[in-house]
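These notes concern the structure reproduced below.
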Amino acid sequence: MRVADIMTTRLATVSMDDRLEVVKEIFEQAPFHHLLVVEEKELVGVLSDTDLYQALSPYLGSEAEQTRDSDTLHKRVHQVMTRHPITVGARMTVHSAVALMLNEGVSCLPVLDNSELVGIITWKDLLRACLEHGNFRD
25 MRVADIMTTR
35 LATVSMDDRL
45 EVVKEIFEQA
55 PFHHLLVVEE
65 KELVGVLSDT
75 DLYQALSPYL
85 GSEAEQTRDS
95 DTLHKRVHQV
105 MTRHPITVGA
115 RMTVHSAVAL
125 MLNEGVSCLP
135 VLDNSELVGI
145 ITWKDLLRAC
155 LEHGNFRD
């Protein structure tokens, strides 16, 4: 089985200069946990919901919120994203992608085909494939 067989091709992207306020709204409304950061159609980073919530003040929306807490929403994506993400090709085996994710400690892998962003594979995609197909060594 290949990465192309299980990757998500409907991609959610943001730019490096987007504010975290926009990213927060996306994550609150969408069922995914990773955004791909692109500039001029080139992948430049990945931003996870974990990255976002680590960058935001824990006092947002509480009675203790102050201006400095709400100011964290004005940070830019480039300030908190992971740069130079580990990527894979669409033809890579799922078994190899699993090994790479575990070895590198990442929860997603953007998928490139001839340097063009074509998909993303996440740990949820891998679990779904395991449930549906059972064996990654095919």
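Taking this note's numbering, the leading residue of the sequence shown gets 25, the next gets one more, and so forth. The beta-carbon is built from N, C-alpha and C at its ideal position, and this holds for glycine as well. Since this is a predicted model, take the numbers as computed values, not measurements.
Residue of the options minimising C-alpha distance to residue i
{"i": "residue 75", "options": "148, 150, 130", "result": "130"}
{"i": "residue 123", "options": "107, 80, 145", "result": "145"}
{"i": "residue 151", "options": "141, 119, 136", "result": "119"}
{"i": "residue 64", "options": "141, 149, 157, 155", "result": "141"}
{"i": "residue 112", "options": "36, 101, 134, 34", "result": "134"}
Cβ-based burial, residue i [other Cβ within 10 Å; buried from 16]
{"i": "residue 72", "result": "buried"}
{"i": "residue 95", "result": "exposed"}
{"i": "residue 41", "result": "exposed"}
Cβ pair residue i, residue j closer than 9 angstroms
{"i": "residue 116", "j": "residue 27", "result": "yes"}
Extent of the continuous beta strand (DSSP E) to which residue i belongs
{"i": "residue 35", "result": "Where residue 35 is concerned, there is no enclosing beta strand (DSSP E), given that its DSSP letter is neither H nor E."}
{"i": "residue 66", "result": "66-72"}
Residue range of the alpha helix (DSSP H) that includes residue i
{"i": "residue 157", "result": "147-157"}
{"i": "residue 54", "result": "That residue, residue 54, is in no alpha helix (DSSP H); it is neither H nor E in DSSP."}
{"i": "residue 29", "result": "27-30"}
Contained beta strand (DSSP E) runs [length at least 3] in the segment 78-145, N- to C-terminal order: You should have 132-137.
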